[in-house]
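Heads up, the thing below is written out as structure tokens.
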Amino acid sequence: MKFKSVFDIIGPVMIGPSSSHTAGAARIGRVARDLFGRQPKWAKIHLYGSFAETYKGHSTDVAIIGGLLDYDTFDERIKTSFEEAEKLGMAFEFIPEVGNVDHPNTARIVVGDDRSEMSMMGISIGGGKIEITELNGFPLRLSGNHPAILVVHEDRSGCIANVSNCLYKYDINIGHMEVSRKEKGHMALMVIEVDQNVDKEVMDELRELPNITQVTRIAD
Amino acid sequence: MEYLFRNVRELVELAEKENKLISEIMIEQEILVTDRTREEIMKQMDRNLTVMEEAVEKGLKGVQSVSGLTGGDAVLLQEYMAKGNSLSGDLLLDAVSKAVATNEVNAAMGTICATPTAGSAGVVPGTLFAVKNKLNPTREQMIRFLFTSGAFGFVVANNASISGAAGGCQAEVGSAAAMAAAAIVEMAGGTPQQSSEAFAITMKNMLGLVCDPVAGLVEVPCVKRNAMGAANSVVAADMALAGVKSRIPCDEVIGAMFEIGQSMPSALRETAKGGLAATPTGKWLEAKIFGGAVVGSGR
């Protein structure tokens, strides 16, 4: 079940005009910000399908920037996010693409600063609900049925054991896990679907583990 | 994760077997799936109801969208009703005006609660606050109206779609209207099966509805589709309460909606390339609002 909660249907409370193109877009932007871990200095946003065709009318652009500034769907500041971004010195560019993608509401967000950059692909599947389908070129195959944790880490021995030990300590059961890397010894990604909701305390402990770059929760 | 129901048949059977309201089954499933208390869940829905109330109030005072395409129709309808000569009846027009009010606020980038989406956010509150004047529900019953709507919306979202880009307007206003019809039946004292009939009757009359927003804005024809969605749901609720049944079972109607959405051309799924968006006036409005080419950074 992609939609788990009644509040996926009756909700979210949001600034109009579109749940998929405004609220969902803001959420995609906010996950990108969360995964990046800090305020990016710049952002390039590629829009596909219906996003590319109608982003101005739906304020998709304003909403994604709002998300990148860490605003929630109901935050009034979404309306003036372009001005806010300028104040904070975040440069941004929107690039409508013509290529075909699997889902009509797709955005690829590339963000960065002088330290690093990150690329993420998100889709807005209706009613404000979103899925993250790709991170730094790694395809994410999340069922969406369970809460999930994404762990970006160095490809070193012990990383996976440390993470699973930490989850075991908090009695969190792993339902599904995938590990992938681009090149031996470089950046790798763990995608972990769990049965229980993961508290902030656990997330903080995971972040403190050696060779862990970034830890994020997705799919509520 | 365990779910109490995955389709309307299971939902209705469970409600009948345990002699419970559909809203109650939805609340119980929410407790089970999210591991939160009943109080927390009721409180969150109460907040959503408050957002809906405030949006209707704001819209009835009169709002205008940035583009200038929509706004002020909710006021016109209320003024017309006040004269006492309405042909379709006050409850129906009240529902229509309050659905319009909500969507006018949405188009003006105001705060709304998506039900199930923002573009279709008018129907459920519009009908709820109109039916309220006739049935005098308690606050809890009004909150339950939203859980009943949500239960049916949950089935549609998981078995078909609630996205205009994926399934056209039938997936958005169609779903919203059908959800509202089911909830009106429960509030009026109908059975779970009658809720399901009302849902099916409404959805059948929304099948094939395309998503063709002029200039890509959630305004034309979205606001008026919410109006007619609200009217459709009130009438379908009355039909179901009168004992009229749908020959095609609810879940099969939802299946048909999904299939129709799948075969709908992309021009008619929220790309603003076909339908009303592609009419001469639609094109002219688009050029007037955005001034031609859509390229570059920002607006």
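Heads up: the sequence lines are chains A and B, in that order.
Each residue of the first sequence is one higher than the one before, starting from 1 at the first, in my numbering.
Each residue of the second sequence is one higher than the one before, starting from 1 at the first, in my numbering.
Glycine is no exception: its CB is placed at the ideal position from the N, C-alpha and C atoms.
All of these numbers come straight from a predicted model, not from anything done at the bench.
1. Spatial neighbours of residue 77 (chain A) within its chain, please: C-beta separation below 8 Å, excluding the five flanking residues on both sides.
2. So for residue 293 (chain B), helix, strand or coil by DSSP?
3. Considering only residues of the same chain and omitting the five flanking positions on each side of residue 270 (chain B), which have a CB-CB separation below 6 Å?
4. Please report whether the beta-carbon of residue 298 (chain B) lies at a distance below 8 Å from any beta-carbon of chain A.
5. Anyone know if the C-beta pair for residue 10 (chain A) and residue 222 (chain B) falls short of 8 Å?
6. Write down every uninterrupted run of the alpha helix (DSSP H) in the stretch 62-109 of chain B whose length is 4 residues or greater and which is fully enclosed by it, in chain order.
7. Could you spell out the range, first to last residue, of the beta strand (DSSP E) harbouring residue 180 (chain A)?
8. List, in order along the chain, the chain A residues whose C-beta lies closer than 7 Å to that of residue 44 (chain B)?
9. Near residue 286 (chain B), what residues of its chain come up, given a Cβ to Cβ distance below 7 Å and the 5 sequence neighbours on each side ignored?
10. According to the Cβ coordinates, are residue 98 (chain B) and residue 51 (chain B) closer than 8 Å?
11. Counting beta carbon pairs with one atom in the stretch 133-141 of chain B and one in the stretch 190-209 of chain B, are three or more of them shorter than 8 Å?
12. Within this structure, are the beta carbons of residue 173 (chain B) and residue 120 (chain B) separated by less than 8 Å?
13. With 8 Å set as the bound, which would you pick, yes or no: does the beta-carbon of residue 105 (chain A) sit closer than that to a beta-carbon of chain B?
14. Taking only beta-carbon atoms, is residue 113 (chain B) less than 8 Å away from chain A?
15. Mind checking who residue 90 (chain A) pairs with in its DSSP beta bridge?
16. Using a beta-carbon distance cut-off of less than 8 Å, what residues from the stretch 89-112 of chain B approach chain A?
17. What first and last residue would you give for the alpha helix (DSSP H) that runs through residue 185 (chain B)?
18. If I measure Cβ to Cβ from residue 144 (chain B) and keep anything under 6 Å in the same chain, skipping five residues before and after, which residues do I get?
19. Suppose you measure from the CA of residue 133 (chain B) to the CA of residue 261 (chain B); what does that come to, to the nearest Å?
20. What would DSSP say about residue 298 (chain B), mapped onto helix, strand or coil?
21. DSSP three-state call for residue 21 (chain A): helix, strand or coil?
22. How should residue 208 (chain A) be labelled, buried or exposed, when 16 other C-beta atoms within 10 angstroms of its C-beta is the threshold for buried?
23. With DSSP collapsed to three states, give me the class of residue 132 (chain B).
24. On the CB-based measure, 16 or more other CB atoms within 10 Å of its CB, does residue 4 (chain A) come out buried or exposed?
25. Assign residue 61 (chain A) to buried or exposed, taking buried as 16 or more other Cβ atoms, counted over all protein chains shown, within 10 Å of its Cβ.
26. I want to see whether chain B comes within less than 8 Å of residue 23 (chain A), judged by CB atoms only; does it?
27. Can you list the residues of chain B that residue 197 (chain A) reaches, using a CB-CB cut of under 8 Å?
28. Whole angstroms are fine: how far does the CA of residue 44 (chain B) sit from the CA of residue 66 (chain B)?
29. I'd like to confirm the pairing. Which residues does DSSP put opposite residue 129 (chain A) in its beta bridges?
30. Strictly below 8 Å CB to CB, what residues from chain B border residue 14 (chain A)?
31. Count the other CB atoms, across all protein chains shown, that sit within 10 Å of the CB of residue 165 (chain A); report buried if there are 16 or more and exposed otherwise.
32. In three-state DSSP terms, what is residue 226 (chain B)?
33. Rounded to whole angstroms, what's the CA-CA distance from residue 93 (chain A) to residue 24 (chain A)? Just pull it up for me.
In short, the structure shows the following:
1. Taking the first residue of the first sequence as 1, we reach residue 77 (chain A) at position 77. Cβ within range, chain order: 66, 69, 71, 84.
2. For the purposes of this step, residue 293 (chain B) is taken as the residue at position 293 of the second sequence. Here residue 293 (chain B) scores only 48 on pLDDT, less than 50, and its place in the model should not be relied on; the value that follows carries that caveat. The three-state secondary structure of residue 293 (chain B), taken from DSSP, is coil.
3. Position 270 of the second sequence, counted from the first residue, corresponds to residue 270 (chain B). Cβ within range, chain order: 164, 165, 211.
4. Residue 298 (chain B) sits at position 298 when you count from the first residue of the second sequence. Low confidence applies to residue 298 (chain B): its pLDDT is 36, below 50, so where it sits in the model is not reliable, and the reading given next is rough at best. For residue 298 (chain B), the answer is yes, since a Cβ of chain A falls inside 8 Å of its Cβ.
5. Locating residue 10 (chain A) in the first sequence gives position 10, where the first residue counts as 1. Locating residue 222 (chain B) in the second sequence gives position 222, where the first residue counts as 1. No, these two residues do not count as a Cβ contact at 8 Å.
6. 73-82, 90-107
7. Walking along the first sequence from the start, residue 180 (chain A) turns up at place 180. Residue 180 (chain A) -> beta strand (DSSP E) spans 174-181.
8. Residue mapping note: residue 44 (chain B) aligns to position 44 of the second sequence, counting from 1. Ordered by position in chain A, the residues that pass the 7 Å Cβ test against residue 44 (chain B) are 7.
9. Counting from one through the second sequence, the residue named residue 286 (chain B) turns up at place 286. Contacts found: 214, 215.
10. Translated into positions along the second sequence, residue 98 (chain B) becomes position 98. Translated into positions along the second sequence, residue 51 (chain B) becomes position 51. Not in contact: residue 98 (chain B) and residue 51 (chain B) (Cβ atoms no closer than 8 Å).
11. no
12. If you number the second sequence from 1, residue 173 (chain B) lands on position 173. If you number the second sequence from 1, residue 120 (chain B) lands on position 120. Yes, Cβ-Cβ distance for residue 173 (chain B) and residue 120 (chain B) is below 8 Å.
13. As a first step, residue 105 (chain A) must be located in the first sequence, where it is residue number 105. Cβ-Cβ to chain B under 8 Å: yes for residue 105 (chain A).
14. In the second sequence, the residue the question calls residue 113 (chain B) occupies position 113. Yes, residue 113 (chain B) lies at the interface with chain A (some Cβ there is under 8 Å from its Cβ).
15. Position 90 of the first sequence, counted from the start, is the residue given in the question as residue 90 (chain A). According to DSSP, residue 90 (chain A) bridges with nothing at all.
16. From the stretch 89-112 of chain B, only 105, 106, 107, 108, 109, 110, 111, 112 have a Cβ closer than 8 Å to chain A.
17. Here residue 185 (chain B) refers to the residue found at position 185 when the second sequence is read from its first residue. Run containing residue 185 (chain B): 175-187, per the alpha helix (DSSP H) assignment.
18. Against the second sequence, residue 144 (chain B) aligns to sequence position 144. Result list for residue 144 (chain B): 23, in chain order.
19. By one-based count along the second sequence, residue 133 (chain B) stands at place 133. By one-based count along the second sequence, residue 261 (chain B) stands at place 261. For residue 133 (chain B) and residue 261 (chain B), the distance between alpha carbons rounds to 36 Å.
20. As a first step, residue 298 (chain B) is located in the second sequence; it is residue number 298 there, counting from the start. With a pLDDT of 36 at residue 298 (chain B), under the threshold of 50, the predicted position of this residue should be treated as unreliable, though the coordinate-derived value follows. DSSP places residue 298 (chain B) in coil when its eight states are reduced to three.
21. Indexing the first sequence from 1 puts residue 21 (chain A) at position 21. DSSP places residue 21 (chain A) in helix when its eight states are reduced to three.
22. In the first sequence, the residue the question calls residue 208 (chain A) occupies position 208. Result: exposed.
23. On the second sequence, position 132 is the one that residue 132 (chain B) refers to. Of the three classes helix, strand and coil, the one that applies to residue 132 (chain B) here is helix, per DSSP.
24. The residue labelled residue 4 (chain A) in the question sits at position 4 within the first sequence. It is buried - the Cβ of residue 4 (chain A) has at least 16 other Cβ atoms within 10 Å.
25. On the first sequence, residue 61 (chain A) is found 61 positions in, with the first residue counted as 1. Buried is the call here.
26. Taking the first residue of the first sequence as 1, we reach residue 23 (chain A) at position 23. So yes, residue 23 (chain A) belongs to the interface.
27. Residue numbering aside, residue 197 (chain A) sits at position 197 when the first sequence is read from its first letter. In chain order: 35.
28. The residue you call residue 66 (chain B) lines up with position 66 of the second sequence. The residue you call residue 44 (chain B) lines up with position 44 of the second sequence. Roughly 31 Å between the two C-alpha positions.
29. Residue numbering aside, residue 129 (chain A) sits at position 129 when the first sequence is read from its first letter. BP columns for residue 129 (chain A) point to A:126.
30. Mapped onto the first sequence, residue 14 (chain A) falls at position 14. Near residue 14 (chain A) (Cβ distances below 8 Å), the residues of chain B are 111, 112, 113, 114, 118.
31. Walking along the first sequence from the start, residue 165 (chain A) turns up at place 165. The residue is exposed, with fewer than 16 neighbouring Cβ atoms inside 10 Å.
32. Counting from 1 along the second sequence, the entry for residue 226 (chain B) is found at position 226. In the structure shown, residue 226 (chain B) sits in a helix (DSSP, three-state: H, G or I).
33. For this step, residue 93 (chain A) is matched to residue 93 along the first sequence. For this step, residue 24 (chain A) is matched to residue 24 along the first sequence. The alpha-carbon atoms of residue 93 (chain A) and residue 24 (chain A) are separated by roughly 19 Å.
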